[in-house]
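K.L.:
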Amino acid sequence: MNVTKQFKDYFIPLAKTVPGINYAVLSDGDRMERFLADSRSEDVYPGVFCLRPKCRLSDNGAEQTLGWFDVTFYVFCYCSGLGNYADEDATYDEAERLATEIYKQLRANDGEQILFEEGRSLMLEPVSWLVADACYGYEAKVRFALPINPVIYS
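Following full-length UniProt numbering, the numbering of the sequence shown begins with 1 at its first residue and continues without gaps.
1. Determine the DSSP secondary structure at P53, reduced to helix, strand or coil.
2. Based on DSSP bridge pairs, tell me the residues matched to F144.
3. Would you call M123 buried or exposed, if buried means 16 or more other Cβ atoms sit within 10 Å of its Cβ?
4. Going by other Cβ atoms of all chains shown within 10 Å of its Cβ, with 16 needed for buried, is L57 buried or exposed?
5. Below 8 Å on the Cβ atoms is my guess for T91 versus C77; work out the distance and round it to an integer in Å.
6. Report the residue from N2, D93 and I12 whose alpha carbon sits nearest the alpha carbon of Q105.
7. What are the complete alpha helix (DSSP H) segments, minimum 4 residues, inside the segment 6-46?
8. State the DSSP-derived secondary structure class of D110, mapped to helix, strand or coil.
9. Can you tell me the Cα-Cα spacing of W68 and L115, whole angstroms?
10. Whole angstroms are fine: how far does the CA of D110 sit from the CA of P150?
Here it is, written out as structure tokens:
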């Protein structure tokens, strides 16, 4: 077990529990190849693509270690009406709703499975991805911690 695997085992299943999400995957680095490759053979929309997170380990001195994760994930929805403003806006709206729902799921676990710093925040930025499909969505950034004692003290 490593810290990134522990993050993946927590975040990817959580994202998949959000009603409306069809697919969720962790990146193979800092690129989107896995999402792109799977979009050719699977129904990945609406989908969540999460970059491997930056992580800072923090030990409180009492053998309680947290992994603080700086998480960037993308929610992409397929837009069937490329060039139709109403369809594009509806696609962005759905992606924003889904990103917010993922954040709400994370917050529901605050203090139990994960920790947020004071001033919890979610940053959302609209993005488009027109490489293979006409997709619109949101880049979401959030920071939280998971207990990682088994990784450090095993």
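Beta carbons are placed, not taken as given, at the ideal position from N, Cα and C, and that holds for glycine.
P.N.:
Looking at the atomic coordinates:
1. coil
2. F69
3. exposed
4. exposed
5. 5 Å
6. I12
7. 33-39
8. strand
9. 9 Å
10. 20 Å
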